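Structure record follows, encoded as structure tokens.
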Amino acid sequence: MLAHVGSSASGARIARAGALTGAHVIRENGGNDPLLVDSDVDPAWAASQAAIGAFSNSGQICTAVERIYVHKAIAEEFCAALQAEAAQRNSNGSVAPLVDLRMRDEVHAQVADALEQGARAVEGGTLPDGPGSLYPATVLLDCTDGMQVMTEETFGPVAPVQVVDTFDDGLRLACSGRYGLAATVLSGNIAHIQQAVAALPVGTVKVNEVFGGAPGGAAQPRGDSGHGFGYGPELLDEFSQVKVVHIAAPPATTPRKDQP
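For the sequence shown, our numbering assigns the number 7 to the initial residue and increments by one for each residue that follows.
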């Protein structure tokens, strides 16, 4: 039995080893979780949810918000509110350093790639002076689906935003990519919610709360995000082996003469 939490590359190698040895492997690996913002929600509230998802623990959460698709009808107000959320966190010192300088360099490389391809950093996006591995809460606008920050796991306090014309366009983009850990939908339209829940190829769909859900709830990632249950009572089954015992009664026998 092998249980792995870590990068998708390491998980893939462990899975190959398990296939050769016969070990049962479960993996929770990388993620690039989308946030889909519908046209009928309050933009300031949606921005606060996006900020919680993207900036909590400096983005170093496996189910952090990694890419945002917002409907054009509320995009301007949403983006302004998200910029303000990031600016507040940067000014009050609530953004903690990343785990090390190597991680900070990788985060900044994704941001720099986006800026080179036409994205705009309306907050953050620059390396701060001085020692340490702090990276500011960053909001990137005018993002496109070909940028690394939209296709790869960032694992830093970066909120890249792509404006979409329709809910269906946003859902199509949210469903794209090789990861399948989790996704969040902000909408008051039950038809859109049901459509997204059915379509999103992820283990966990969160509706109207980026970190909502029952404690200890099950999670079963898809794609390069892993395989097998990582939480909940189902995890106990992953660590268990079932022994099946069939019991039948023996056939009836005629008593011997020496038996009473």
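A virtual CB, placed ideally from N, CA and C, is assigned to each residue, including glycine.
For clarity, every value in this text was computed on a predicted model and none was experimentally measured.
#### Entry: For Ala92 and Glu83, the rounded distance between their alpha carbons
By 1-based counting over the sequence shown, the position of residue 83 is 77. By 1-based counting over the sequence shown, the position of residue 92 is 86. The alpha-carbon separation between Glu83 and Ala92 amounts to approximately 14 angstroms.
### Query
Going by Cα to Cα distance, which pick from Gly186, Gly194, Leu206 and Gln116 is closest to Pro166?
If you number the sequence shown from 1, residue 166 lands on position 160. For Pro166, the closest alpha carbon among the candidates Gly186, Gly194, Leu206 and Gln116 is that of Gln116.
### Task
Evaluate contact between the segment 224-239 and the segment 180-188, counting only Cβ atoms and requiring at least three cross-stretch pairs below 8 angstroms.
Because the criterion of three Cβ pairs below 8 angstroms is met, the segment 224-239 and the segment 180-188 touch.
### Task
Can you tell me which of the three DSSP states Gln168 falls into?
Along the sequence shown, one-based indexing puts residue 168 at 162. Strand, per DSSP.
### Query
Expressed to the nearest angstrom, what Euclidean distance is found between the alpha-carbon atoms of Ser54 and Gln94?
Counted from its first residue, the sequence shown places residue 54 at position 48. Counted from its first residue, the sequence shown places residue 94 at position 88. The straight-line gap from Cα to Cα measures roughly 11 angstroms.
### Message
I'd like to check one pair, Ser64 with Gly162: are the Cβ atoms closer than 8 angstroms?
### Response
On the sequence shown, residue 162 is found 156 positions in, with the first residue counted as 1. On the sequence shown, residue 64 is found 58 positions in, with the first residue counted as 1. Their beta carbons are under 8 angstroms apart, which means Gly162 touches Ser64 by this criterion.
### Query
Are the segment 21-31 and the segment 145-158 touching by the rule of at least three beta carbon pairs closer than 8 angstroms?
The segment 21-31 vs the segment 145-158: no contact.
### Message
Give the list of continuous alpha helix (DSSP H) stretches no shorter than 4 residues that lie fully inside the segment 18-61.
### Response
Counting only runs of 4 or more, we get 49-61.
### Task
Locate the alpha helix (DSSP H) running through Glu244, then write down its first and last residues.
Position 238 of the sequence shown, counted from the first residue, corresponds to residue 244. Glu244 -> alpha helix (DSSP H) spans Pro239 to Glu244.
### Query
Taking C-alpha atoms, which residue in Met109, Asn195 and Gln89 lies nearest to Ala143?
As a working note, residue 143 is residue 137 in the sequence shown. The residue with the shortest Cα to Cα distance from Ala143 is Gln89.
### Query
Helix or strand or just coil, what does DSSP make of Ile74?
Position 68 of the sequence shown, counted from the start, is the residue given in the question as residue 74. Ile74 falls in the strand class under three-state DSSP.
### Query
Is there contact here, the segment 106-121 with the segment 73-81, by at least three beta-carbon pairs under 8 angstroms?
At 8 angstroms Cβ cutoff, the stretches do not touch.
#### Entry: CA nearest to the CA of Ala57, picked from Asp243, Ile253, Pro257 and Phe217
Position 51 of the sequence shown, counting from 1, holds the residue named residue 57. Of Asp243, Ile253, Pro257 and Phe217, the smallest CA-CA separation from Ala57 is found for Phe217.
### Query
Are the Cβ atoms of Asn38 and Thr157 separated by less than 8 angstroms?
By one-based count along the sequence shown, residue 38 stands at place 32. By one-based count along the sequence shown, residue 157 stands at place 151. Cβ atoms of Asn38 and Thr157: closer than 8 angstroms.
### Task
Pull up the CB-CB distance for Ala120 and Leu104, whole angstroms please, since I reckon it's below 8 angstroms.
As a working mapping, residue 120 is identified with position 114 in the sequence shown. As a working mapping, residue 104 is identified with position 98 in the sequence shown. At roughly 18 angstroms, the Cβ-Cβ gap does not stay under 8 angstroms, so Ala120 and Leu104 are not in contact.
### Query
Is there contact between the segment 185-201 and the segment 42-49, where contact requires at least three CB pairs shorter than 8 angstroms?
The segment 185-201 is in contact with the segment 42-49.
#### Entry: Cβ shell of Ala87 (< 7 angstroms), same chain only, five flanking positions each side left out
Translated into the one-based positions of the sequence shown, residue 87 becomes position 81. Excluding positions up to five away in sequence, the list reads Pro49, Ala50 and Ala53.
### Task
With a 10 Å radius around its C-beta and 16 neighbouring C-beta atoms as the bar for buried, classify Leu242 as buried or exposed.
As a working note, residue 242 is residue 236 in the sequence shown. Exposed is the call here.
### Query
Does the beta-carbon of Val250 have 16 or more other beta-carbons within 10 angstroms, so that it is buried, or is it exposed?
As a working mapping, residue 250 is identified with position 244 in the sequence shown. So Val250 counts as exposed.
### Query
Going by the beta-carbon positions, is the gap between Ala224 and Glu244 smaller than 8 angstroms?
The sequence position of residue 224 within the sequence shown is 218, counting from 1. The sequence position of residue 244 within the sequence shown is 238, counting from 1. No, they are not a contact pair.
### Message
Rounding to the nearest angstrom, what Cα-Cα distance links Val325 and Val155 in this structure?
### Response
In the structure as shown, the chain starts at 7 and stops at 266, and residue 325 therefore has no counterpart that could be examined.
### Query
What's the call for Lys212, buried or exposed, on a 16-neighbour Cβ count within 10 Å?
Working through the sequence shown from its first residue, we reach residue 212 at position 206. By the neighbour-count rule (16 or more Cβ atoms within 10 Å), Lys212 is buried.
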